[in-house]
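So the sequence shown is numbered by my numbering: it starts at 8 and just counts up by one. Structure record follows, encoded as structure tokens.
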Amino acid sequence: MHRVVKENPDLYLALKLLQEQSNRVLELKARMLAGQTDQAIARAIGFPVHGVATFAALYFDVRARLKATSWIRWVAIGVDPAQANSPETLFLLHAWKRGPMVIEPWLDYLGYEQESYNLGSVIGRQRAWIAHLIDVAQLPATSNISKSLWKASYFTLGNPPKAVESTSIRDTVSRNRATILAEYAWKKPKMDQVAEVGRRNQAPINAKPFTMGRLVKTG
8 MHRVVKENPD
18 LYLALKLLQE
28 QSNRVLELKA
38 RMLAGQTDQA
48 IARAIGFPVH
58 GVATFAALYF
68 DVRARLKATS
78 WIRWVAIGVD
88 PAQANSPETL
98 FLLHAWKRGP
108 MVIEPWLDYL
118 GYEQESYNLG
128 SVIGRQRAWI
138 AHLIDVAQLP
148 ATSNISKSLW
158 KASYFTLGNP
168 PKAVESTSIR
178 DTVSRNRATI
188 LAEYAWKKPK
198 MDQVAEVGRR
208 NQAPINAKPF
218 TMGRLVKTG
């Protein structure tokens, strides 16, 4: 090993990284699949640039074939249509499809995979979405249900739908109030008109309160 270090320090770095018991190799692969440069990857994982380049050349040389869909899916990532894929495999697949934006959320999930999720927080909902994605991926690969659930899943991370960005319907309506009212050419009524409508619609004091039970036909 000392001879390797002396004659080829970059090779030593690549071998050292390969033997690590951490997620750095997984992160490096994900970032390569996401199309990032050696420099960007080195900064992200805290590793020398030459070590990243050597590792890529020896163990994960995928950059020239990122558009070769079948090869990336079946060979580079190792997706197996005959069995459920691991969260790590799904992570690589998602990084390849969605790009760098999904990498940090996935790394966070993998670090807290065994913990419960606080759905009242953004990070908790993010972890729950990834867990949902993993559950969907356990369905048979030939199942149309699996494809439908994947599309229906709000887990997109890199391009979240607007419906997911808000925590409630009220918040969504509040943030889009101006747009909604503009579509209906709504004009604020005058106060005397509001008062007049209120007087006409005022119920008698002795009227029975309205309940859902009055909608049910009896007898």
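All C-beta atoms, glycine included, are put in the ideal place defined by N, C-alpha and C.
### Query
Between the C-alpha atoms of Ile-130 and Asp-45, what's the straight-line distance to the nearest angstrom?
29 Å
### Query
When you compare only the Cα positions, how much space is there between Met-108 and Val-59?
20 Å
### Query
Once you ignore the five residues that flank His-101 on each side, which residues in its own chain have a CB closer than 6 Å to its CB?
Val-109
### Message
Rounded to whole angstroms, what is the Cα-Cα separation between Lys-23 and Ala-47?
### Response
20 Å
### Query
If we call anything under 9 Å between Cβ atoms a contact, is Trp-113 one with Ala-37?
yes
### Message
DSSP three-state label for Gly-165, please.
### Response
A caution first: Gly-165 carries a pLDDT of 49, below 50, which makes its placement in the model unreliable, though a value can still be read off. DSSP places Gly-165 in coil when its eight states are reduced to three.
### Message
Which of the three DSSP states is assigned to Val-86 in this structure?
### Response
coil
#### Entry: Nearest-angstrom Cα separation, counted from Gly-127 out to Leu-35
31 Å
### Task
Buried or exposed for Leu-140, please, with buried defined as at least 16 other CB atoms from any protein chain shown within 10 angstroms of its CB.
buried
### Task
Measure the alpha-carbon distance for Asn-92 versus His-57 and round it to whole angstroms.
32 Å
### Query
How close, in whole Å, do the beta carbons of Ile-84 and Leu-73 come, if the pair is a contact with beta carbons under 8 Å?
About 11 Å; that fails the 8 Å criterion.
### Query
Would you say Gln-90 reaches chain C, if we count a Cβ-Cβ gap shorter than 9 Å as a contact?
No chain C appears in the structure shown, which is made up of a single protein chain.
### Query
Which two residues bound the contiguous alpha helix (DSSP H) that contains Lys-36?
31–40
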